[in-house]
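To start, the structure under review is shown below, and the notes come after it.
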Amino acid sequence: MNQIPLEHILFVSTALFFIGVYGFFTRKNMIMMLMSVELILNSVNINFITFNKYLFPDKLNGVFFSIFIIVIAAAEAAVAIAIIINLYRSHNSIDVDDTNEMKY
Amino acid sequence: MLEGKVISLIILLPLISFLILGFFGRRYFKTFSGIVGTTSIFASALLSLITAYQYFFVVGQVNGVYQKIIALKYTWLQFTPNISIDLGIILDPISVMMIVVVTFISLMVHVYSLGYMKGEDRFSVYYSFLSLFTFSMLGLVLACNIFQIYIFWELVGVSSFLLIGFYYDKPSAVAASKKAFIVTRFADLGFLIGILILSFNAETLDFETLIQRLTSPESNFLKGIVASSFLGFSALSWGLVLVFMGGAGKSAMFPLHIWLPDAMEGPTPVSALIHAATMVVAGVYLVARLFPIYALSCPGALHVVAYVGIFSSLFAAIIACTQTDIKRVLAFSTMSQIGFMMFALGVSSYGGENGLGYMASMFHLFTHAMFKALLFLGAGAVIHYVHSNEIKDMGGLRKFMPITHLTFLIACLAIAGIPPFAGFFSKEEILSAAFQSNPVIFYLAIATAGITAFYMFRLYFSIFWNKEAHLHGEHHGEGSGTMLLPLVILGVCSIVAGFVPFGKFVSSDGAELHTEMHLTFSIAPVLIALGGIFLAMSFYKNANEKANNISVALKGIYTYAYNKFYFDEIYLFITKKLIFNLIGRPAAWFDKNIVDGFINLLATLTQEISDTIKGMQSGRVQNYAIYFFFGIIGFVILFIFLLK
Chain A
1 MNQIPLEHIL FVSTALFFIG VYGFFTRKNM IMMLMSVELI LNSVNINFIT FNKYLFPDKL
61 NGVFFSIFII VIAAAEAAVA IAIIINLYRS HNSIDVDDTN EMKY
Chain B
1001 MLEGKVISLI ILLPLISFLI LGFFGRRYFK TFSGIVGTTS IFASALLSLI TAYQYFFVVG
1061 QVNGVYQKII ALKYTWLQFT PNISIDLGII LDPISVMMIV VVTFISLMVH VYSLGYMKGE
1121 DRFSVYYSFL SLFTFSMLGL VLACNIFQIY IFWELVGVSS FLLIGFYYDK PSAVAASKKA
1181 FIVTRFADLG FLIGILILSF NAETLDFETL IQRLTSPESN FLKGIVASSF LGFSALSWGL
1241 VLVFMGGAGK SAMFPLHIWL PDAMEGPTPV SALIHAATMV VAGVYLVARL FPIYALSCPG
1301 ALHVVAYVGI FSSLFAAIIA CTQTDIKRVL AFSTMSQIGF MMFALGVSSY GGENGLGYMA
1361 SMFHLFTHAM FKALLFLGAG AVIHYVHSNE IKDMGGLRKF MPITHLTFLI ACLAIAGIPP
1421 FAGFFSKEEI LSAAFQSNPV IFYLAIATAG ITAFYMFRLY FSIFWNKEAH LHGEHHGEGS
1481 GTMLLPLVIL GVCSIVAGFV PFGKFVSSDG AELHTEMHLT FSIAPVLIAL GGIFLAMSFY
1541 KNANEKANNI SVALKGIYTY AYNKFYFDEI YLFITKKLIF NLIGRPAAWF DKNIVDGFIN
1601 LLATLTQEIS DTIKGMQSGR VQNYAIYFFF GIIGFVILFI FLLK
């Protein structure tokens, strides 16, 4: 069976990462920003899995890392959404630019 | 038996009374404050009399020589194994004599003030200050350590400041208290440097060790301090002259005398206690305390003492003839008499018959305290009566104030040196000491004695004789019993104090000093004094124009003397014009522009920078994320490519 070349996978993950970063910087909706963060995390996951498979095929360290990241990402999403809901209740908006008075 | 703890009560009783009156006096004691203060000082006076009796007649003498007894010593600050600041009590003839004088005069003044200050709003504050002063002065005379004397020296300065400025709503009193404090403080700078020089070289602050190390010829300390020199004089000379500078400031010696006349702004009993009898003789006491060092190791410094003393004495006597404020006349007379004590120390040498000047100086200090306190208290009574300090408002008071008149006359005779009053004996000793060692000083001194008699009787005749009294309104009589009693007691003392065989008790080396009166020697000074008195009598006994004519004839000199030889103006010129303009203003400019400018520059810079960068904290989360992102990229570039 032909293996997918390493470069292709890395290309995908890098693209995913920068799409996430771009989204994080440009989206004003906080839900969208949260989704961008998820993209970044998943690009990292892909990297972990790939390097684990290509460099140490008989070990599972990278896999465990990515499982951890998925768990933490789930928790983080829960916290983030809770924050966003609270923000919506007090500001009636989830536009990130409307929250700049929080700097005080 | 001299128990240290009992003797320390002499000092502590006034302190306790100060604390009680200072904290609670105004609220709880009010008019009883006087009683509280007087009681404590009475106990203190009693204890010091007992101490004096014990010391002089029971335990003080060993083989005919009075010993220095350290009754109490408590190490307060230990700097090095050798140098420590101790607080203690030294008993030797002069300190015992001084505690008797201080507590006695202080008691008299306390009693007198009961009447004089009656009805005063800050009565209890006044008494607490008096107690503070008495405490500090006793601590000063009993000090066993040169630094202890310095501490109490400053404390008497502070209490003097507080009491001169007692009437703080009077601008002249405020100015006078500031002047007194600053001038004496300036002199104390010299004192402190002197202490440092002496103690640095002798490696001790303790009086006994200091004297012993700096007098015995084979001591290495003495050799060291004599060998090191500065501007052509040995460190020892500098140290002693600087210490004397402190003494001269406190004792109002020329040229640091300018504060004393102004200090008369304080209440009159205060002038009697502080600026006549006790504090101003602290300088004399200081020189006497270190006398062995002056006399044995550095006669040059002693000459300075002598010439400053005689000059101040003559200078003040001349000014006193022209003043019209009776308290100022007395102030200059005090300065003149302290000059007598100073030059008596200056012409003396250590030990045996040659120590006559030392004994005479202490004797004069003793008798002067009595009659000068009496003069001031008498003047206080007169001022109380006529409500004025000016001679022209007085005259013919002898019928209205018989007791004051009589005691004032006694004091005037005593200060003029007429036998058998106290001043005669001490002044004769001083004159004969001067005669034996320095004829120039002797002739100047005898002239000063004549002038003294003249101006004292000018004062006496102007107050009690001269024109008829023209009193307006009804009067409250001569004064209450509490004011007259001290006058009478001091009057009696001014008569009998001269008969104390002083040489038996106080001498430079502690051994008995036999003094005999040379009748032939006494004739000249007494005649001169009588001459002064008769001159004053012819001028001032009846209102006439003689004195006026003389002052007109001596126009220039009279004006100079009347204006105290313009010393105040010289000082003002030096301070205001020279020091303020040449040093003060440039220093202020430097401070304002350079020092403050630098600080302001820092502040402005900080503000500018923060103004420019505060936009970065926008509150927009995405901006932060961008900073973070590019920051990370920067670090990546830094660590991966640049710092390989």
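Here the protein sequences line up with chains A and B, keeping their order.
Residues in the first sequence are numbered consecutively from 1, following my numbering.
Residues in the second sequence are numbered consecutively from 1001, following my numbering.
The beta carbon of each residue, even a glycine, is placed where N, CA and C say it ideally should be.
Quantities reported herein were computed from a predicted structural model and do not represent experimental measurements.
> Over what stretch of residues does the alpha helix (DSSP H) that includes A/A41 continue unbroken?
Replying inline: In the sequence as displayed, the identity of residue 41 of chain A is Leu instead of Ala. Where A/L41 is concerned, the enclosing alpha helix (DSSP H) stretches over 30–55.
> According to the Cβ coordinates, are B/V1284 and B/M1342 closer than 8 Å?
Replying inline: At a Cβ-Cβ threshold of 8 Å, B/V1284 and B/M1342 count as neighbours.
>> Would B/V1101 and B/A1344 be called neighbours here (beta carbons separated by less than 8 Å)?
In response: no
>> The beta strand (DSSP E) that contains B/Q1148, what's its start and end?
In response: Unbroken run through B/Q1148 is the alpha helix (DSSP H), 1146–1164; no beta strand (DSSP E).
> Is any beta-carbon of chain B found at less than 8 Å from that of A/E101?
Replying inline: yes
> For B/V1636, which residues in chain A fall below 7 Å Cβ to Cβ?
Replying inline: Residues of chain A passing the Cβ test: none, with the nearest at roughly 14 Å.
>> Check for me: the beta strand (DSSP E) holding B/G1725 runs from which residue to which?
In response: For residue 1725 of chain B there is no data in the structure shown, the boundaries of chain B being 1001 and 1644.
> Who are the near neighbours of B/V1036 in its chain, counting only those whose CB is closer than 8 Å to its CB and skipping five residues on each side?
Replying inline: S1017, I1020, L1021, G1025, F1029, Y1127
>> Tell me the rounded alpha-carbon separation between B/K1427 and B/L1444.
In response: 13 Å
> Taking 8 Å as the CB-CB limit, is A/D98 close to chain B?
Replying inline: no
>> Using only the alpha-carbon positions, how far apart do B/G1239 and B/A1272 sit?
In response: 32 Å
>> Going by DSSP, what residue range makes up the alpha helix (DSSP H) through B/Q1067?
In response: Premise fails: B/Q1067 is in no alpha helix (DSSP H) and is neither H nor E.
> Between B/A1524 and the rest of its own chain, which residues show a CB-CB distance below 8 Å, the 5 nearest in sequence each way excluded?
Replying inline: I1446
> In whole angstroms, what is the alpha-carbon distance linking B/T1031 and B/L1049?
Replying inline: 28 Å
> Using the beta-carbon of each residue, which ones in chain B are nearer than 8 Å to A/V21?
Replying inline: Within chain B, the residues F1629 have their CB atoms less than 8 Å from the CB of A/V21, given in chain order.
>> Please classify B/V1304 as buried or exposed, where buried requires at least 16 neighbouring CB atoms within 10 angstroms.
In response: Taking every protein chain shown into account, the CB of B/V1304 has 16 or more other CB atoms within 10 angstroms, so this residue is buried.
>> So within the region 1391–1441 of chain B, which uninterrupted alpha helix (DSSP H) runs reach at least 4 residues, ignoring any that extend past its ends?
In response: 1402–1416, 1422–1437
>> Could you compute how far the alpha carbon of B/E1353 sits from the alpha carbon of B/N1220?
In response: Cα-Cα distance, rounded: 29 Å.
> What's the gap between the Cα of B/S1313 and the Cα of B/D1393?
Replying inline: If you take the alpha carbons of B/S1313 and B/D1393, they lie about 28 Å apart.
> Mind pulling the chain A residues with CB within less than 7 Å of B/I1626?
Replying inline: F25
>> Please identify, using Cβ separations under 8 Å, the residues of the region 1160–1180 of chain B that lie next to chain A, in order along the chain.
In response: none
>> Going by DSSP in three states, B/Y1350 sits in which element: helix, strand or coil?
In response: coil
> For chain A, is any of its Cβ atoms less than 8 Å away from the one on B/V1183?
Replying inline: For B/V1183, the closest Cβ of chain A is not nearer than 8 Å.
> With B/A1529 and B/G1417 assumed to form a contact (beta carbons below 8 Å), what rounded beta-carbon distance in angstroms separates them?
Replying inline: 5 Å
> Under the three-state reduction of DSSP, which class applies to B/T1075: helix, strand or coil?
Replying inline: For B/T1075, the secondary structure class from DSSP, reduced to helix, strand or coil, is strand.
> For B/I1274, is the classification buried or exposed, using 16 other Cβ atoms within 10 angstroms of its Cβ as the cut-off for buried?
Replying inline: Counting the other Cβ atoms within 10 Å of the Cβ of B/I1274 gives 16 or more, which makes it buried.
> How big is the Cα-Cα spacing for B/R1185 and B/G1266?
Replying inline: 19 Å
> Helix, strand or coil: how does DSSP classify B/F1230 here?
Replying inline: strand
> What is the residue span of the alpha helix (DSSP H) that B/V1500 lies within?
Replying inline: Where B/V1500 is concerned, there is no enclosing alpha helix (DSSP H), given that its DSSP letter is neither H nor E.
> What number of angstroms, rounded off, separates the C-alpha of B/L1377 from the C-alpha of B/T1482?
Replying inline: 12 Å
> Hey, how far is the Cα of A/F17 from the Cα of A/I46?
Replying inline: 10 Å
> Based on the DSSP secondary-structure assignment, which residues constitute the bridge partners of B/A1511?
Replying inline: When beta bridges are read from the DSSP output, B/A1511 appears opposite B/V1065.
> Would you say B/Q1617 faces chain A, with C-beta separation under 8 Å as the test?
Replying inline: yes
> Quick one: what's got a C-beta closer than 7 Å to B/G1004's C-beta in the same chain, skipping five residues either side?
Replying inline: Correct list, in chain order: A1071, L1072, I1089.
>> I need the DSSP call for A/D95, collapsed to helix, strand or coil.
In response: strand
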